[in-house]
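Numbering (this note's numbering), first residue to last: 7 to 329. Glycine residues also receive a C-beta, built at the ideal position from the N, C-alpha and C atoms.
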Amino acid sequence: MPGAAGSREDVPPQVTSSGNTIYLLSPEIDQFVNFFEFYVQRRAKKPITMTRRRRWRHSTLGLLAARKHPIDEACALVTWLFDECDGHLPIKLERGETKITRVAQILDNYDALLVAKVEGTTRIVEPTITIGVGKRLSPLQLEAQVTELVGMFTAYRESLGKPDVVDDYRVNNWAKTFRIMLTADRRAFDDISFVIASFRELENLMDHSRYSTDVFPLRADFEWQLTERRGLRDALRERAKIEGSNATKKPSPTPGPAFEDDRPVPRMAHAETGVHTNMGENIEERRRRYEEGAARARMLEDSAARIAWPSSRGPLQPFSNGL
């Protein structure tokens with residue numbers, strides 16, 4: 007079953023040993039590569055590229071030809087790792103990933119994996135990893151989040167119609183950067199996924215060309231990118247809320263002429279008393295001014311009456327006692 011990239015069959019390809027010394031052109035080399043590809047492809051989302059197969063073949067030469075490990079034993083170990091250990095190395099590593107994606111992982115840890123297989127150790131208990139702000143995850147949970155972020159970023163690039171092909175080397179670099187952001191930088195998963203999702207939601211409002219090729223610039227600018235995009239999102243939500251409330255609100259009637267109390271009242275002089283009135287005054291002051299004006303009016307009326315009283319009775323007559 008040579009070159010069965012993307013095969014979804016349930017039965018792995020057959021591997022037979024000729025019993026001869028394995029060298030560069032031995033058929034066992036390609037048989038083992040096909041056997042390893044079968045298990046990796048079942049968990050992969052995309053077909054295996056020829057670049058990955060060439061790297062696997064190089065590591066297989068070291069495994070079977072240089073170190074002369076039996077091919078039957080190596081195939082049994084691969085089957086155990088993927089079926090019993092869920093495709094992860096059940097040993098603690100000083101560096102590197104535990105998810106099995108390369109033959110070199112088996113080559114570098116072959117003896118320790120054989121011991122774990124004999125002892126029945128299918129999963130190592132590792133300390134939890136702190137990400138974000140005080141949130142702790144197991145290595146498997148961390149890898150799940152990294153895989154989801156890589157998928158989101160890949161989908162964003164595909165939406166741009168990028169002509170270049172994304173190979174496994176670039177995907178591994180993206181995964182490494184996201185892993186550093188989650189662990190060393192203590193970035194929250196929700197914050198990272200929000201920024202990536204905003205690339206498409208705010209594409210008409212912000213320039214995202216700097217982040218359309220690699221994840222590293224996003225890590226460098228993450229703090230201010232998160233702040234700017236949150237502010238823009240909140241502003242858009244507030245604007246949508248205002249527009250929605252205005253659409254449901256009934257139109258107010260056209261305002262008519264102002265009421266008398268709303269109009270500015272000029273100061274006016276009373277025709278007779280000369281008392282100035284102002285509608286803006288308070289009641290007590292207005293009443294006091296009216297009382298003063300009324301008192302002055304009464305005084306004027308009394309004075310006019312005393313002056314007019316003698317002339318009302320006609321000219322003066324000489325005094326007579328009636329005699």
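Selection R101, E100, L95 evaluated against L120 yields L95 as nearest (Cα-Cα). Nearest in C-alpha terms to I28, of all of D227, L69, G299, A118, is L69. In chain order, P96 place their CB closer than 7 Å to the CB of T127, counting only its own chain and leaving out the 5 sequence neighbours on each side. The beta carbon of Q151 sits closer than 6 Å to those of F195, all from its chain and outside the five residues before and after it, given in chain order. Membership of Y162 in the alpha helix (DSSP H) is indicated by the continuous run 145 to 165. Less than 8 Å divides the Cβ of P19 from the Cβ of N40. Boundaries cannot be given for H75, as no alpha helix (DSSP H) includes it and DSSP labels it neither H nor E. Taking each of K123, L99, F159, V109 in turn and checking the Cα distance to P145, the smallest one comes out for L99. In this structure, I35 and T66 form a Cβ contact; the two beta carbons are roughly 5 Å apart against a cut-off of 8 Å.
In the displayed model, K105 falls within a strand according to three-state DSSP. In this structure, Y217 and L224 form a Cβ contact; the two beta carbons are roughly 5 Å apart against a cut-off of 8 Å.
A straight line joining the alpha-carbon of L188 with that of P33 spans about 43 Å. Looking at the backbone, the Cα of E298 and that of E290 are separated by about 12 Å. Around the Cβ of S24, a 10 Å sphere holds fewer than 16 other Cβ atoms; the residue is exposed. Minimum Cα-Cα distance from A72 among the listed residues H64, R239, A122 corresponds to H64. Annotated as distal: K123 and L148, with beta-carbon spacing of 8 Å or more. Looking at the backbone, the Cα of E103 and that of V109 are separated by about 13 Å. Of F200, T22, I186, the smallest CA-CA separation from L238 is found for F200. Residue pairing by DSSP puts H94 in a beta bridge opposite K105.
In this structure, I202 lies near M158, with their beta-carbon atoms less than 8 Å apart.
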